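To keep things clear, I will list the structure first and then write my remarks on it.
Protein chains: 2
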Amino acid sequence: MFESVRKQSLSEVVFDQLRDRIVGQQLKAGDELPSERVLCELLQVNRGAVREAIKRLQQAGLVKVRHGGATQVLDYRREAGLELLPHLLVDEHGTLQADTARSIVRMRQILTPNIAREAANHHSPETLAQIQHCLAGLRREHDTKRLQYLVFDFWEALVDASGNIVYRLSLNTLRKTYEPLWELFTQLLSDDFHDLPFFEELTAAIAAGDADTAFNLTQTHIDHSSELIFHVIDQYEATP
Amino acid sequence: MFESVRKQSLSEVVFDQLRDRIVGQQLKAGDELPSERVLCELLQVNRGAVREAIKRLQQAGLVKVRHGGATQVLDYRREAGLELLPHLLVDEHGTLQADTARSIVRMRQILTPNIAREAANHHSPETLAQIQHCLAGLRREHDTKRLQYLVFDFWEALVDASGNIVYRLSLNTLRKTYEPLWELFTQLLSDDFHDLPFFEELTAAIAAGDADTAFNLTQTHIDHSSELIFHVIDQYEATP
DNA sequence: GCCCGTCAACTGGTATGATCAGTTGACCTT
DNA sequence: AAGGTCAACTGATCATACCAGTTGACGGGC
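Structure follows, in structure tokens:
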């Protein structure tokens with residue numbers, strides 16, 4: 007099929023370039039960015055584009071801007087937020103960083119059972135209905151690719167039911183992080199997507215308000231898929 | 007003492023105003039922002055300032071900008087990242103949102119024991135030394151206020167030792183979120199800060215690579231302080 | 001009637017150059 | 001050596017063009 011052509015604004019290009027230099031350590035913490043006027047000259051763009059890019063770097067916690075003084079590069083490991091994750095997982099050369107990948111899987115591994123637990127504790131009639139609606143979709147679908155989307159919707163419904171906004175926002179970022187790798191998981195986690203009994207039991211446990219069962223069921227399920235992914239990461243790391 | 011005077015750039019003011027309207031639901035998901043030129047007129051500022059603010063909104067996942075079309079407000083609960091948290095905890099009127107506060111405490115509660123576990127599993131000689139250095143500081147300090155900083159440094163050392171970048175970035179955001187409420191915790195968690203035996207045992211467990219003990223010790227410790235905080239939140243919510 | 005191209009009137013994106021405002025450091029005075 | 005002055009940086013703001021993509025009304029063709 008056709009792919010949508012990518013259109014990047016200038017300020018986006020500038021932002022990407024500076025961000026990559028920072029996470030790539032060519033610009034280290036404490037270093038000073040060239041002045042806006044110099045950057046214009048170096049990058050051959052107008053100053054507005056440079057300023058927009060720097061505003062975004064500031065928003066991302068990568069630089070500190072001071073009126074009258076030079077713009078300073080911050081230590082992104084101490085200052086940046088989760089939203090930097092996508093660019094730590096895949097570096098500027100498109101290389102996947104195994105350490106980051108493992109970190110993400112771990113996070114998912116510990117977050118998901120707790121989401122299930124809190125969904126059992128805090129669900130409302132509306133959010134429960136949404137979960138059950140997702141479950142009904144899972145029952146009908148057999149194509150792995152489409153199933154993957156439905157499984158994801160199921161988890162999103164759980165997060166909503168948990169009522170925990172921090173889980174919600176964290177998962178948003180995690181989603182954006184592995185969206186580019188979506189198809190990688192289609193085959194890898196195929197068995198998990200097709201594990202209908204699990205989704206049935208989990209939904210039942212949540213509906214019954216049985217938090218411990220919801221937690222344990224999910225932990226078992228997620229531990230399994232995590233092991234699969236860890237294994238693939240190890241393989242990837244071993245064969246450059 | 008004196009407080010440093012706050013200086014906010016225009017684009018920052020514009021950004022704050024628009025962000026508050028979005029999280030405050032005056033601008034709902036799907037709504038269209040006024041055009042940049044109209045916003046200039048409404049806010050009586052230069053277009054550059056408006057554009058810089060909108061770039062930051064875009065970076066934060068709050069709006070979707072399309073060349074030629076209107077800028078659309080997104081559903082921040084589905085699109086935004088963790089970095090929005092500070093502004094969900096305290097709304098534009100300075101009111102603390104109890105639900106968000108509880109979500110944050112829960113997140114901390116489930117994250118911290120896992121950080122300890124992974125610190126036990128993955129620490130290097132350097133990161134372990136850093137933890138022990140923090141512990142030494144805790145032994146010497148008795149003033150609660152200064153102790154609070156040292157305790158925080160201790161946890162940061164643990165996160166570094168865990169080697170998990172996702173934990174690291176999440177904690178960065180959580181830190182920025184409760185930084186404004188820092189003094190609130192000074193008295194509330196005073197007993198926890200002074201619980202030296204806990205820090206001693208935890209450090210020993212990590213040094214010994216005993217992940218389960220590290221996990222359990224931390225869980226007990228954090229569960230206790232979480233209960234304290236939950237209690238205060240409940241009280242706060244009951245007395246408006 | 002319906003389809004399709006045209007075009008004007010939006011929208012955001014880029015460019016230029018001027019000016020305001022805070023920071024820094026060399027230099028001069030005391 | 002201490003302190004004040006000032007020129008030369010830095011970022012912040014402004015005004016005004018013009019480029020480029022989107023939208024929808026309009027009108028000719030079938």
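Just so you know, the protein sequences line up as chains B and H, in that order.
Residue 7 is where the first sequence starts when you use my numbering, and the numbers rise one by one after that.
Residue 7 is where the second sequence starts when you use my numbering, and the numbers rise one by one after that.
Heads up, the beta-carbon is just placed ideally off N, CA and C, and yes, glycines get one too.
Computed from a prediction, not measured in an experiment: that's the story for all the values here.
Between the CA atoms of residue j and residue i - distance to the nearest angstrom
i, j, result
"E89 (chain B)", "L68 (chain B)", "11 Å"
"Q154 (chain B)", "F199 (chain B)", "6 Å"
"S81 (chain B)", "K182 (chain B)", "For clarity, residue 81 (chain B) is Asp in the given sequence; the question names Ser instead. Those two C-alpha atoms are separated by around 23 Å."
"T226 (chain B)", "F236 (chain B)", "15 Å"
"V56 (chain B)", "K34 (chain B)", "19 Å"
"V157 (chain B)", "Q50 (chain B)", "46 Å"
"A66 (chain H)", "D97 (chain B)", "21 Å"
"L247 (chain H)", "G87 (chain B)", "In the structure as shown, chain H starts at 7 and stops at 246, and residue 247 (chain H) therefore has no counterpart that could be examined."
"T101 (chain B)", "L95 (chain B)", "8 Å"
"G143 (chain B)", "Q78 (chain H)", "30 Å"
"L3 (chain B)", "F160 (chain B)", "With chain B represented from 7 up to 246, any question about residue 3 (chain B) goes unanswered, as that position is not in the structure."
"T133 (chain H)", "E206 (chain H)", "16 Å"
"T224 (chain H)", "E58 (chain B)", "43 Å"
"H230 (chain B)", "L194 (chain B)", "12 Å"
"C16 (chain H)", "G54 (chain H)", "The amino acid occupying residue 16 (chain H) in the given sequence is Leu; Cys does not appear at that position. For L16 (chain H) and G54 (chain H), the distance between alpha carbons rounds to 10 Å."
"V11 (chain H)", "E47 (chain H)", "28 Å"
"L45 (chain B)", "P186 (chain B)", "31 Å"
"Y184 (chain B)", "Q32 (chain H)", "32 Å"
Cβ separation of residue i and residue j, assumed to be a contact under 8 Å, to the nearest whole Å
i, j, result
"S176 (chain H)", "H128 (chain H)", "S176 (chain H) to H128 (chain H), Cβ: 17 Å. No contact."
"I212 (chain B)", "A125 (chain B)", "5 Å"
"S109 (chain H)", "I171 (chain B)", "5 Å"
"R25 (chain B)", "H73 (chain B)", "That belief does not hold up - the Cβ atoms of R25 (chain B) and H73 (chain B) are roughly 22 Å apart, past 8 Å."
"S232 (chain H)", "V71 (chain H)", "Actually they do not touch by this definition, with Cβ atoms about 40 Å apart."
DSSP three-state assignment for residue i, whether helix, strand or coil
i, result
"K70 (chain B)", "strand"
"E38 (chain B)", "strand"
"V19 (chain H)", "helix"
"Q78 (chain H)", "strand"
"L141 (chain B)", "helix"
"L33 (chain B)", "coil"
"V172 (chain H)", "helix"
"L102 (chain B)", "strand"
"V56 (chain H)", "helix"
"V96 (chain H)", "strand"
"S10 (chain B)", "coil"
"L164 (chain H)", "helix"
"D240 (chain B)", "helix"
Residue-chain proximity (residue i, chain B), Cβ-Cβ < 7 Å
i, result
"G75 (chain H)", "no"
"K61 (chain H)", "yes"
"Q14 (chain H)", "no"
"G30 (chain H)", "no"
"Q193 (chain H)", "no"
"R83 (chain H)", "yes"
Nearest residue (CA-CA) to residue i, options the options
i, options, result
"A122 (chain H)", "H:R174, H:L95, H:E85", "H:R174"
"V165 (chain H)", "H:K13, H:T118, H:Q193", "H:T118"
"P131 (chain H)", "H:M113, H:A163, H:A107", "H:A163"
"H99 (chain B)", "B:V29, B:L134, B:V11", "B:V29"
"A244 (chain B)", "B:A104, B:T179, B:L223, B:Y184", "B:A104"
"A210 (chain H)", "H:R114, H:V44, H:Q138, H:R43", "H:Q138"
"N222 (chain B)", "B:N120, B:K13, B:F191, B:E233", "B:N120"
Test: residue i CB closer than 7 Å to a CB of chain H
i, result
"E98 (chain B)", "no"
"E38 (chain B)", "no"
"V56 (chain B)", "no"
"T179 (chain B)", "yes"
"S109 (chain B)", "yes"
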